[in-house]
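In my numbering, the protein residues as written are 23 to 1196. Glycine included, each C-beta is placed from N, C-alpha and C at the ideal position.
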Amino acid sequence: MARRQAKVSKQQLHTIKERFKAFLNGNTKIASDEAFYNAVRAYYDIFICSERVLKLVVSGGCSANDFREVFKSIIEKRVRSLPEIHGLSKETVLSAWMAKFDAIYRGEDDPRKGTSRIAASAASELILSKEQLYEMFQTILGIKKYEHQILYNACQLDNADEQAACIRRELQRKMTNIPEQRKRLPPFLIKDMEALYVEEQQAEINQLMGALESLPVAKGSSESKYSLYRLKKVQNSISVVDVPDDTDPTLSKSDIVLSFTIEVVVSEARGLKQLPAKKIVYCTMEVEGGEKLQTGQAEAGKPVWDTQGDFTTCHARPIIKIKLFAENLGIMALDDKELGRLIIKPVPGGSDVFEWHALTAPKGWTGGKLELKVAVKMDKPLNLKKSGMLFAHGKTLWKKWKKRFFVLVQVSQYTFAMCSYMEKKSEPSDMMQLDGYTVDYCEKIEGEEFKGGRFFFKAVKEGDQMIFATDEELERTVWVNKLYMATGQSHKPVAPKLSMVATALESSSTLSRVQGAADRAKKHGFDDLIQADPSKFDHHYLFEQLQRRTLDHRLSDSYSCLGWFSPGQVFVLDEYCARYGVRGCHRHLYYLSDLLDRAETGIMIDPTLLHYSFAFCASHVHGNRPDGIGTITVDEKNKFEEIKDRLWNLLAHQITHFRYCFPFGRPEGALKATLSLFERVMMKDISTPVPPEEFRNEIRKCLQKAALVNYTRVSAYAQIEGISVRKKSSSRPHPCYCSIFKFRILHKENTGKRKDAPPDKRLDDIMHLAELCIDLLQQNEEHHAEALAWVADLMAEHQEIFWSLFSVDMDAALAVQLPDTWDSFQLFQLLNDYLSNEPSLQRGKFHLHLRETFAPLVIRYIDLMESSIAQSVHKDFAKETWIAVGEGCNSSEELFWKLGALQQFISDLNWPDEVMEAHLIKRLKLMSADMVESCIKRTKERLDKWLSTTKFSTDYVIPSTVFVMMNVITQAKKQSQILCAREESESEQHRYHSDVYEVLTGSQKDVAERIAEKLNSVLNALLHKLARYDHGSLLSSVFALKNPGNEMELNFTRFVKTNLSRVMKELSEERLKKYIVKKWYTSMVMRICEWLSHRMSDSLHEYQLKTLLPITKEIPVLFEHCGLPPKRLRCTTYGTVLSRLQVEEAMHKGEQIHLDEDYRGYSHSDDEDSDPTS
């Protein structure tokens, strides 16, 4: 039998809450890290504070082990998800966390405390002494202790012989009453079962007789050939009187075997003054025909011994011989001198106190009287019930009236013999088997023939009579009582009033104690109970009461028994049924009825226990008992059908309310056992299984109702929690079988209350409700999925129904939302993420409904966002100040943030339909492409306007706004790769946004070239001014008269340096910088080269040379800092220009021409013109 765990009471639950709260508040010394703290916090919030746990505690089905196992299941997932720690296994972490949990749970920092106390408490539930059982059933039956003691003494419950005799009498009455029972048999399903019922009664009696007979009597008792002769004779008979006498087995004298243990202790001798004080004396002792033993030696001055002699004999009347010797040290002496001898004839069970005995001195002894102090104890064997001297006279035995030594011997539990013994004989001289005799008191018989006896009694049997007499009245009473127990007779002899002499001796007699107990019982009104005949009681009704009270006591004790009796209680109930013939089916039917009564009031009952009892009753009623066909009464059949209906309804209710009847999967395995029992209850008979589809239909009905129950309760809880009302959800008693109609009313009431709330509050409520619904289903999956795994498809249906109920509230909440409000997308995201991760719900009915509900909202949201972004592009760029913000300007930053956020939002929605998801993504990319093009278009328009209206001069510096515009184009180009990225699956004809990048690249290149051209316009102006100094021009002579100095060269160099620095500093893209610088430098060198080429036939004016030569030498230095490579800086064109200018300089000075470098081999075509993206 499984050991039951200690039950958690309501008070203990409160204490546990306080202990965990103290830990969470940091008021304990238990060390903790953040991970363990979070695990305890989740356990406290989800489990300990749950109303379902409180209900489980109230039902009596919650144990400390349940608290521990739930915490273990919670932390296992957390620990498994933690990263691996080198040198620390996750099993070690689990063990450490469980040890800390135990410390918190017990409220002790030392985990070793309380262990022994818990173990001792658990052991006491399995092991109960007889006194503890008495005390338990005193409490169960409401019997006071003094009443129990009176009944205990009066019924002689401490006397095994009396109890065995009582059982023998009961069985004898039952066997005798069988013919009478034929007249009042209960109605049976089949008329032919009446004979079978009688056979069952006989078999039960025979089984009890066999059980009684199997009890050992004593060592050396007879073999089983004399055991239970009635067992052989009643198999095919109705009454014992029908058995012929010649079938009685006869005992022989050799079958009576008694074994006695005798202890002889010689303590002291006196009367040895005649002997010298130093004379050595000793004693010898023997039992007639046995081994001789000797005491130790002692001096005659102090003759004391402490030696004990132990003997074993088969003689009922043994003779003990003790001799006293003095040691003879004479040379011629052969033997020691005998001083005296003593003969003792002990009685079995006699007194063992020390007594002085006079010795018989040998001839020639001249000393005084010799005495020995001796104690003799002769133990009475277990099969010897009474012995003593009796007068006896009978027809066949003991025909001569005289006093003999009689012994009442129990050969077996059902065979007793009255034997007479002679001295020194191991076998009885005569014996009388007591089967069939009736013993009673009788009056004194007058006459010489019966002279000597004073108090008479007789043993009567058909055709025989034995007369016995004792010298003492109490002795007669004892003999009669012992014989009454041995014969098994139904009539109890009533003793005549004791005489004054007998009454005076009563205080020292065992019989007196029995008589006193009987008197006290009579005084308290218990006499009728003690004298009552058990066979006349309705034991089936009495057992119902006993079992019901025992169950109530069991359910109220400190163990989470779930309806299981303790081993001690089962033992007592089994013994009652066996002894008083309570039918097994009747016992289990009313046990089931009692269990159902408790289960229907909310007390937790183990479904496995219900299964065992129901299976037993079903096999009995359907005639498929393992031990063969038995009788079935109409009452049992009707009661079974009633129990079956009640059990069906209870199980259907528990499956419907599985979340609340078995919270957090507790008790362990209960839901799975409930489903198994439900299938068994649905079986029409014990051997025909239920069709699978029929069983599934019943489970489907239960789970459909469960969806409504779960949603109704969680929605009610959400409302209560939302308005912060601190009261229990079950403030009024909930009926065991609440109809669906009532649930619908409750649901409508809750829904009606929410309708009055404002739209934003209703949306918050439905969000909170959705979170609770997800938590509920996840808990169901965690704690109940294993039990319901074999109906997983039905659980999926249950979840769909659950969400369909939620969809009603969701649709109502969404319907009242103001137009173009988008907070509801959080609800979609929450639900969609959950559904997408649940294989059984993904693409299910509710998922489809959710998609269809939010699809128009998403499309409308995108439409509005597209319109809003387009308007903001139009308005913002029109008012843009082109101040640098981030990577671009304020308008571009806002635009790209909106586009990115919109795409991220749609991505986070994780839209469940791939086709629509692809459409949404594609649409957003097209929209992004349009917005980017619109952004670039407006930016380029402003650049074009600036380029067309601005005239460059040597003192002109490109403003920051121009660089911001160029950075916006760069930013758009960068963002387009993210916002307008191509899908690999798109075909060429559907890639509408594929040109965005090309458009951006072309725009960027065009702007860069135009700016470079605009920068070179300053050089063109400079060269145009220098052209006025050409030889042969009309004004050359006029300008030659002037001396302008180097102002023009300095101004141009400053212009290049300043704007070059601005380009490198303000532009954000390195490639664009290099492209503009390259284009500017290349165009500049080419323009100077062209200008010089037009003057190949003419020499340069001195001023022209002084201006161009420094510029030509300075610009490579300036552009080299911008990252142009030497190959580009010292290209062929540049070499041509520098060579020409150096030649002109040499000619003006009249010096020899020396070129600085050899620029042959460098060509401007060696470096390809690359766009800013290359």
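Using the beta-carbon count (16 or more within 10 Å), is residue i buried or exposed?
| i | result |
| --- | --- |
| T972 | exposed |
| R476 | exposed |
| S111 | exposed |
| T388 | exposed |
| W904 | buried |
| P713 | exposed |
| V830 | exposed |
| A600 | exposed |
| M215 | buried |
| T382 | exposed |
| V979 | exposed |
| I1137 | buried |
| E349 | exposed |
| D977 | exposed |
| Y581 | buried |
Quick check: what's the CA-CA separation for residue i versus residue j?
| i | j | result |
| --- | --- | --- |
| V279 | T334 | 13 Å |
| K1047 | Q1026 | 32 Å |
| L827 | V813 | 21 Å |
| K166 | Q676 | 40 Å |
| R1050 | L1041 | 15 Å |
| A508 | L351 | 59 Å |
| W844 | K920 | 15 Å |
| F717 | M938 | 41 Å |
| L1072 | G908 | 36 Å |
| I991 | L1022 | 7 Å |
| A320 | E285 | 21 Å |
| D782 | L816 | 36 Å |
| Q160 | L614 | 24 Å |
Please report the Cβ distance between residue i and residue j, rounded to the nearest whole angstrom; I am assuming they are in contact, meaning their Cβ atoms lie under 8 Å.
| i | j | result |
| --- | --- | --- |
| L798 | V731 | That belief does not hold up - the Cβ atoms of L798 and V731 are roughly 11 Å apart, past 8 Å. |
| Y856 | I796 | 5 Å |
| A57 | R90 | Rounded, the Cβ-Cβ distance is 19 Å, inconsistent with contact. |
| V895 | M953 | 6 Å |
| Y459 | A481 | 5 Å |
| H644 | D707 | 5 Å |
| P685 | S72 | 7 Å |
| Q569 | Y612 | 6 Å |
| V429 | I344 | V429 to I344, Cβ: 25 Å. No contact. |
| F850 | E822 | With a Cβ gap of about 18 Å, F850 and E822 do not count as contacting. |
| K391 | G311 | The Cβ separation is near 30 Å, so there is no contact. |
The beta strand (DSSP E) spanning residue i covers which residue range?
| i | result |
| --- | --- |
| K967 | K967 -> not in any beta strand (DSSP E); alpha helix (DSSP H) instead, spanning 936-971. |
| S304 | Rather than Ser, the amino acid found at residue 304 in this sequence is Tyr. First-last of the beta strand (DSSP E) with Y304: 302-309. |
| A1235 | Examination of residue 1235 is not possible in this model, given that the chain is present from 23 through 1196 alone. |
| G331 | 326-335 |
| T630 | Looking at the DSSP string, T630 is not in any beta strand (DSSP E); the run it does join, the alpha helix (DSSP H), is 629-643. |
| L346 | 342-348 |
| M1108 | Where M1108 is concerned, there is no enclosing beta strand (DSSP E), although the alpha helix (DSSP H) it sits in stretches over 1092-1115. |
Considering residue i, what are the terminal residues of the alpha helix (DSSP H) in which it resides?
| i | result |
| --- | --- |
| Y443 | Run containing Y443: none in the alpha helix (DSSP H); it sits in the beta strand (DSSP E), 437-443. |
| R882 | 867-900 |
| R784 | 781-806 |
| A837 | 814-837 |
| F559 | That residue, F559, is in no alpha helix (DSSP H); it is neither H nor E in DSSP. |
| D462 | That residue, D462, is in no alpha helix (DSSP H); its beta strand (DSSP E) goes 460-463. |
| W670 | 656-678 |
| H1053 | Per DSSP, H1053 belongs to no alpha helix (DSSP H) and is neither H nor E. |
When every heavy atom of the ligand PLP is checked, does at least one fall within less than 6 Å of the C-beta of residue i?
| i | result |
| --- | --- |
| L799 | Annotation note on the ligand PLP: not contained in the displayed structure, which lists no ligands. |
Would you mind listing the beta strand (DSSP E) stretches within the stretch 474-521 that are 3+ residues and don't spill past its ends, in chain order? The qualifying runs are 477-483, 486-492.
Quick check for students: name the residue ranges of the alpha helix (DSSP H) that lie wholly in the stretch 47-83, counting only runs of 4 or more. 56-65, 73-80
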